[in-house]
Amino acid sequence: MRTPLALGVVSAAILVLPLVVPPYHATLMLPFMAYGVVLLGFNLLFGYTGLVSFGHALFIGIGAYAGAVLTTKLGVRHMELILPVAALAAALAAAPVGALCVRYVKIYFGMLTLAFGMVFYTFLLKFYRLTGGDEGMRMLRPSLFGSEWAGFNKTAYLVGPYYYFSLAVLVVATLVMWRIVGSPFGLCLKTIRDNPLKAESLGVSVPRYRWYAFMISAVYAAVGGALLAPPTGNVDPTLAYWTHSGNVVFMVLLGGFASFFGPLLGAFAFIFLQDTVMSVFPYWRLIFGAILAFIVIVAPGGLMGLFARRGPVEVSRR
Amino acid sequence: MILEAQDLRKRYGAFVALDGISLTVREGEFVSIIGPNGAGKSTLINLLTGVLTPSEGRVRFKGQDIGGIGPVALARLGMARSFQLVQIFPDLTVLETLQAAVVSRLGRGGRLFASLRGDRQVQAEALEVAGLFGLANRAHTPARTLPQGDKKLLDVASAFTLRPEIILLDEPTSGVSTADKHAVMEILVGAARRIGLKAIIQVEHDMDIVFGYSDRIIALHQGRVLADAAPAAIRADARVVDMVIGRGAR
Chain F
0 MRTPLALGVV
10 SAAILVLPLV
20 VPPYHATLML
30 PFMAYGVVLL
40 GFNLLFGYTG
50 LVSFGHALFI
60 GIGAYAGAVL
70 TTKLGVRHME
80 LILPVAALAA
90 ALAAAPVGAL
100 CVRYVKIYFG
110 MLTLAFGMVF
120 YTFLLKFYRL
130 TGGDEGMRML
140 RPSLFGSEWA
150 GFNKTAYLVG
160 PYYYFSLAVL
170 VVATLVMWRI
180 VGSPFGLCLK
190 TIRDNPLKAE
200 SLGVSVPRYR
210 WYAFMISAVY
220 AAVGGALLAP
230 PTGNVDPTLA
240 YWTHSGNVVF
250 MVLLGGFASF
260 FGPLLGAFAF
270 IFLQDTVMSV
280 FPYWRLIFGA
290 ILAFIVIVAP
300 GGLMGLFARR
310 GPVEVSRR
Chain H
0 MILEAQDLRK
10 RYGAFVALDG
20 ISLTVREGEF
30 VSIIGPNGAG
40 KSTLINLLTG
50 VLTPSEGRVR
60 FKGQDIGGIG
70 PVALARLGMA
80 RSFQLVQIFP
90 DLTVLETLQA
100 AVVSRLGRGG
110 RLFASLRGDR
120 QVQAEALEVA
130 GLFGLANRAH
140 TPARTLPQGD
150 KKLLDVASAF
160 TLRPEIILLD
170 EPTSGVSTAD
180 KHAVMEILVG
190 AARRIGLKAI
200 IQVEHDMDIV
210 FGYSDRIIAL
220 HQGRVLADAA
230 PAAIRADARV
240 VDMVIGRGAR
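From first to last, the protein sequence lines stand for chains F and H. Numbered per numbering that gives the first Met the number 0, the first sequence spans residues 0 to 317. Numbered per numbering that gives the first Met the number 0, the second sequence spans residues 0 to 249.
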């Protein structure tokens with residue numbers, strides 16, 4: 000009973016937020032919603048399948064660059080078109096990358112994903128003519144709901160139509176992911192996370208399911224990546240850099256990977272914590288490092304783990 | 000004849016683990032494989048379940064060569080197994096574990112957007128097996144918090160849920176207290192009958208269990224079949240008693 004109630008309150012708060020808080024804080028919600036989508040997918044791989052990717056920024060980058068290329072080079076401005084193209088591009092890239100990576104587990108899987116992420120980062124950085132190199136590319140303002148919102152200045156556009164568009168994407172992404180984790184497919188992923196040997200003996204093809212989960216998480220990352228670009232109006236190779244992948248892992252740990260909503264809470268906490276800490280202390284990474292150490296040692300279940308009844312420590316030491 | 004091994008040999012470099020083993024399992028049989036440590040039991044299990052490919056010889060299940068086909072293909076063909084060291088899904092409940100087996104058997108794992116809760120067949124079959132194994136009152140207990148005996152039962156129950164034609168139990172009562180062993184075996188054999196299993200193969204150290212339930216016993220020694228006979232004949236075989244069972248035991 001508590002979960003629907005909490006969800007209702009949170010949803011209502013997010014809906015009215017742009018109307019009651021200063022625009023600056025409303026714009027901070029945009030990366031939260033974009034990362035929320037990324038993390039829902041990331042946690043299908045991490046929390047539900049038991050694989051930690053250290054290269055997820057690869058797919059965030061693909062999504063963001065897909066939007067930039069479409070708007071600046073191909074003249075496609077409809078966000079409703081940009082998102083599926085980003086998703087498709089990520090799926091095409093994830094198919095071979097995933098097929099290779101899922102043959103490995105634990106640190107080897109993590110390192111291999113990291114390697115692919117760095118390959119893509121270098122591509123973005125060095126193929127100047129295609130990608131704009133370290134300066135990146137512009138991401139032109141996309142049209143939403145069939146309108147260009149020409150009368151809106153940038154802030155009004157972002158805290159108005161773009162805010163609600165992002166929210167709609169996050170809600171749909173959440174509902175779809177909720178469906179996936181509650182499906183027979185989702186159950187098969189959990190068996191693989193818990194005990195691959197036993198899963199195989201029950202006839203569950205471990206590499207195949209890991210591959211599916213990898214592709215789905217890549218698609219989510221790309222959709223989230225495409226959502227990240229319009230608020231900044233620019234995409235650059237750091238989107239695909241390994242520290243960005245690290246942030247994704249951090250957010251999930253912060254929120255708690257053992258819970259469905261943990262990653263969303265993690266994204267929210269990360270964005271607002273980063274904003275607060277950065278404004279008072281230039282060495283924000285120092286603070287974040289300490290927080291990460293604290294979580295891993297004291298609260299491995301993350302923020303959600305503090306509320307949950309289940310023992311988070313047991314989960315984390317699997 | 001449902002399972003047949005012909006002149007199996009398995010070498011690891013210069014070491015010969017199995018040195019020409021032939022055996023058959025027929026419909027309706029409960030066959031136990033016994034042997035001292037190092038006799039080649041584990042290698043034999045791995046060959047019979049398609050984990051390893053024999054160096055020489057063949058394993059046929061329902062007439063098909065299953066050398067090295069792997070666990071997933073084996074499960075599809077209709078052979079299931081349980082493990083010596085109990086294998087469970089620690090964070091899944093009893094019911095979820097059994098549901099996963101039903102989902103796998105029905106080939107519904109690819110259903111991305113279907114509701115597991117709404118799948119009546121999966122729910123019903125999982126509940127049925129839970130009842131069969133006396134696990135119904137623990138249906139919503141996470142597997143890791145089950146007592147050892149129930150973990151063992153769950154491991155076997157999930158294999159049974161695949162509705163195999165034949166099942167290979169690797170020390171079904173290891174780790175179970177002496178007092179509970181017979182209860183576990185009674186449940187297993189009863190469930191096998193209800194599900195319509197065609198044959199059971201077990202590897203077991205406990206001679207009470209071996210002699211109490213087997214139709215036939217195959218004794219291994221140093222990679223070879225020392226004896227393959229009914230329990231009474233095995234008990235009367237001085238070599239088997241000396242080398243495998245031990246004088247102290249019955």
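Note that CB positions come from ideal geometry on N, CA and C, so glycine has one too. A quick note: this is a predicted structure, and the numbers were derived from the prediction, not measured.
- Burial of F:P230 is indicated by the presence of at least 16 other C-beta atoms within 10 angstroms of its C-beta.
- Taking C-alpha positions only, H:G195 is separated from F:F45 by approximately 39 Å.
- Of the candidates H:H139, H:V155 and H:D179, the residue whose Cα lies closest to the Cα of H:L131 is H:V155.
- Here the alpha carbon of F:L57 sits roughly 23 Å from the alpha carbon of F:R76.
- DSSP, read as helix, strand or coil, puts H:T23 in strand.
- Listed along chain F, the residues sitting closer than 8 Å to H:R116 by beta-carbon distance are G181.
- Secondary structure at H:I166: strand, using DSSP grouped into helix, strand and coil.
- At a C-beta separation below 7 Å, H:L152 has no neighbours in chain F, since its nearest C-beta there lies roughly 14 Å away.
- Residue pairing by DSSP places H:M78 opposite H:I165 in a beta bridge.
- One thing to note: H:L47 has its Cβ no nearer than 9 Å to the Cβ of H:I199.
- Against chain H, the beta carbon of F:F293 has no neighbour under 7 Å; the closest one sits roughly 24 Å away.
- Under the Cβ criterion of 9 Å, F:R178 is counted among the residues facing chain H.
- At the C-beta level, H:S103 and F:G132 stay beyond 9 Å of one another.
- Excluding its 5 nearest sequence neighbours in each direction, F:A86 has C-beta neighbours in its own chain below 7 Å: V218, A221 and V222, listed in chain order.
- With a threshold of 16 other beta carbon atoms within 10 Å, F:F53 meets it and is buried.
- Around H:E170, no beta-carbon contact reaches into chain F at under 9 Å, the shortest distance being about 15 Å.
- Per the coordinates, the alpha-carbon of H:G106 lies some 19 Å from the alpha-carbon of F:L196.
- Shown here, H:Y212 sits in a helix according to DSSP, grouped into three states.
- Non-local C-beta neighbours of H:E124 in its own chain, meaning closer than 6 Å and more than five positions away in sequence, comprise V101, ordered along the chain.
- Contact between F:S216 and F:L99 is ruled out by a C-beta separation of about 15 Å, above the 8 Å threshold.
- Closest option to F:M250, judged by alpha-carbon separation, among F:G60, F:Y163, F:L16 and F:I294: F:I294.
- For H:S173, the closest C-alpha among the options H:D207, H:T140 and H:G69 is that of H:D207.
- F:L196 belongs to the set of residues whose beta carbon lies under 9 Å from a beta carbon in chain H.
- The region 126 to 145 of chain F makes contact with the region 159 to 166 of chain F, as at least three CB pairs between them are under 8 Å.
- Out of F:A90, F:L69 and F:A89, the CA that lies nearest to the CA of F:L80 is found in F:L69.
- Within the region 237 to 316 of chain F, the alpha helix (DSSP H) runs of at least 4 residues that lie entirely inside it are, in chain order, 241 to 254, 261 to 279, 283 to 297, 301 to 306 and 311 to 315.
- Those residues of the region 110 to 135 of chain H placed with their C-beta closer than 9 Å to a C-beta in chain F are R110, L111, F112, A113, S114, L115, R116, D118 and V121, ordered along the chain.
- Under the Cβ distance rule, F:F184 counts among the residues neighbouring chain H, one pair being separated by less than 9 Å.
- In the DSSP annotation of this structure, the continuous segment of the alpha helix (DSSP H) that includes H:Q147 starts and ends at Q147 to T160.
- With respect to chain F, the C-beta atom of H:P70 has a partner C-beta closer than 9 Å.
- Counting of Cβ neighbours within 10 angstroms places H:I44 among the buried residues, the total reaching 16 or more.
- For the pair F:V297 and H:V15, the Cα-to-Cα distance works out to about 51 Å.
- Residue contact check for H:E3 against chain F: no CB pair falls below 9 Å.
- Of the residues assessed, F:L18 falls on the exposed side of the cut-off, its CB having fewer than 16 other CB atoms within 10 angstroms.
- A Cβ-Cβ contact shorter than 9 Å links H:D18 with H:G222.
- For F:G202, the closest Cβ of chain H is nearer than 9 Å.
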